[in-house]
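Numbering (our numbering), first residue to last: 1 to 320.
In structure tokens form, the structure reads like this:
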């Protein structure tokens with residue numbers, strides 16, 4: 001509809017779409033949308049639309065001059081309070097300026113100023129749209145050529161599973177595979193790996209990490225640890241992933257000792273994270289991949305039933 005030229009599509013979804021008899025995707029139309037947009041986030045959306053339609057504008061330079069000047073003012077005001085939004089604005093400004101063939105403005109905010117602040121790298125990355133993650137990583141790397149990999153690796157345990165993947169891919173592409181693997185192995189062995197990092201590791205199950213995708217991961221993915229913060233979204237996603245992936249438990253416990261599988265089975269039976277039906281489903285998967293725990297599972301069920309009957313005063317069949 002935007003490309004058609006007859007429709008003025010608002011920034012907010014709750015505002016109406018306006019039909020215009022005369023096509024208006026010219027200077028006046030774009031600048032009108034940009035001036036009406038409130039806040040840097042909304043203005044970045046309009047600036048990005050201008051970039052996408054730049055080839056259809058006869059007066060691109062005039063539009064770009066006004067928009068980049070306004071973005072520069074707002075970027076500076078967002079620099080400390082909302083650095084992620086400021087970085088988005090900086091990307092939009094640079095794209096528009098490049099399309100129009102304009103030179104950088106004197107004294108304008110740079111990526112180095114954003115990254116050099118006392119900002120939490122992981123939190124700033126999380127605040128960006130997913131489509132901007134790789135560009136932001138490249139920007140951070142360019143500003144911190146000596147120590148960027150340390151910051152990226154250090155943030156892997158504080159971000160979402162999606163960003164864990166982005167971080168790991170960049171590090172591996174830059175020849176830091178051993179460092180990534182060592183970090184993941186250490187976090188898992190120390191029982192400090194976040195639910196999101198475990199989610200990424202378990203979901204991808206990359207062959208390159210096969211030697212650390214074993215009993216330790218299955219133990220850390222097991223319900224007791226997920227239950228420690230069950231009110232947050234990350235453990236919930238991990239729990240749902242454990243249920244949805246029928247091969248996960250089998251893959252992670254393939255090389256596990258019988259006692260480890262028994263411990264996992266016992267933990268699964270005791271957790272309150274899964275309901276009874278889900279527990280039975282997961283136990284069935286463990287029994288299918290490890291038939292030796294069949295009697296252990298059956299024995300645990302029998303003992304639990306006996307204890308329950310005794311508590312409520314009902315007669316129970318003797319334990320075997």
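Built from N, CA and C at the ideal position, the CB exists for glycine as well. Note that this is a predicted model, so its numbers are computed, not measured.
Item to check | Spatially closest choice to residue 171 from 154, 269 and 186, by CA coordinates | outcome: 154
Next on the checklist: Distance check for residue 280 and residue 287, CA to CA, integer angstroms please.
Outcome noted: 10 Å
Item to check | Span of the alpha helix (DSSP H) around residue 55 | outcome: Here residue 55 belongs to no alpha helix (DSSP H), and DSSP marks it neither H nor E.
Checklist entry - Could you give the C-beta distance for residue 96 and residue 75, rounded to a whole number, given that I count them as a contact under 8 Å? => result 13 Å between Cβ atoms; not a contact.
Item to check | For residue 154, the first and last residue of its enclosing alpha helix (DSSP H) | outcome: 148–155
Next on the checklist: By alpha-carbon positions, which one of 204, 267, 137 and 39 ends up nearest to residue 122?
Outcome noted: 137
Checklist entry - So what does DSSP say about residue 85, is it helix, strand or coil? => result helix
Item to check | residue 321 versus residue 284 - alpha carbon distance | outcome: Residue 321 lies beyond the stretch modelled for the chain, which goes from 1 to 320, so this question has no answer here.
Checklist entry - If you pair each beta-carbon of the stretch 97–105 with each one of the stretch 123–135, do three or more pairs fall below 8 Å? => result no
Item to check | For residue 201, three-class secondary structure by DSSP | outcome: Residue state, collapsed to three classes: helix.
Checklist entry - By Cβ distance below 8 Å, which residues in the same chain neighbour residue 94 in space, the five residues on each side in sequence not counted? => result none
Checklist entry - Are there 16 or more other CB atoms within 10 angstroms of the CB of residue 197, so buried, or fewer, so exposed? => result buried
Checklist entry - How close, in whole Å, do the beta carbons of residue 276 and residue 243 come, if the pair is a contact with beta carbons under 8 Å? => result Actually they are not in contact, since the Cβ atoms of residue 276 and residue 243 sit about 13 Å apart, beyond 8 Å.
Item to check | residue 13 burial status per 10 Å Cβ neighbour count (16 or more: buried) | outcome: Under this definition residue 13 is an exposed residue.
Next on the checklist: On the criterion of 16 or more Cβ atoms from any shown chain inside 10 Å, does residue 239 qualify as buried, or is it exposed?
Outcome noted: buried
Checklist entry - Looking at the structure shown, is residue 18 part of a helix, part of a strand, or coil, going by DSSP? => result strand
Next on the checklist: Quick check on DSSP: helix, strand or coil for residue 181?
Outcome noted: helix
Checklist entry - Going by the beta-carbon positions, is the gap between residue 265 and residue 296 smaller than 8 Å? => result Their beta carbons are under 8 Å apart, which means residue 265 touches residue 296 by this criterion.
Checklist entry - So residue 126 is in the alpha helix (DSSP H); what residue range does that whole segment cover? => result 121–127
Checklist entry - Can you tell me where the alpha helix (DSSP H) with residue 192 in it begins and where it stops? => result First-last for residue 192: undefined, no H or E at that position.
Checklist entry - Taking C-alpha atoms, which residue in 124, 55, 62 and 71 lies nearest to residue 46? => result 71
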